[in-house]
Amino acid sequence: MTVIKINAITVPAGSGDELAHRFAARAGAVDGAQGFEGFELLKPTDERTQWLVLTRWASEDDFQAWISSPSFAEGHRTAAERAGGDAPKPVSTHSEVWSYEVAGGSEG
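FYI, in the UniProt record's numbering the residues of the sequence shown are 1 to 108.
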């Protein structure tokens, strides 16, 4: 059964492009994780300030194994940090993770 994790990230107006840039810089970092099925960064198209990071996993155990892994920690460091520099200022002001299971749908 597919498990969906959504990280709802609140981003101040004008900072969304930087958030997208940071995600693009680490694209593929999770691709090899056991049970990983897919990733999408969703940009709001209205006045909302929450961007959504949607990931799909084969199981809750697979997701938990990934967030506990060294790869997770490394993937969330910036290039500057990996080179020994300081972390850039956060783009977001708040985030929370939502958890769902697929309960129905269709093959489109």
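Note that beta-carbon positions come from the ideal geometry of N, C-alpha and C, so glycine has one too.
As the structure is a computational prediction, the values presented were derived from the model and not from experiment.
Rounded to the nearest whole angstrom, the CA to CA distance from Asn-7 to Met-1 is 20 Å. The alpha-carbon separation between Val-91 and Glu-107 amounts to approximately 36 Å.
The DSSP-derived three-state label of Arg-22 is helix. Contiguous beta strand (DSSP E) elements confined to the segment 22–54 occur at 36–42, taking only those with 3 or more residues. Minimum Cα-Cα distance from Glu-96 among the listed residues Gly-38, His-21 and Leu-52 corresponds to Leu-52. Contact annotation: Arg-26 and Gly-38 have beta-carbon atoms that are not nearer than 7 Å.
In the three-state reduction of the DSSP assignment, Ser-68 falls in the coil class, being assigned neither a helical nor a strand state. Membership of Thr-10 in the beta strand (DSSP E) is indicated by the continuous run 3–10.
Relative to the Cα of Lys-43, the nearest Cα in the group Ile-67, Asp-31, Gly-14 and Asp-62 belongs to Gly-14.
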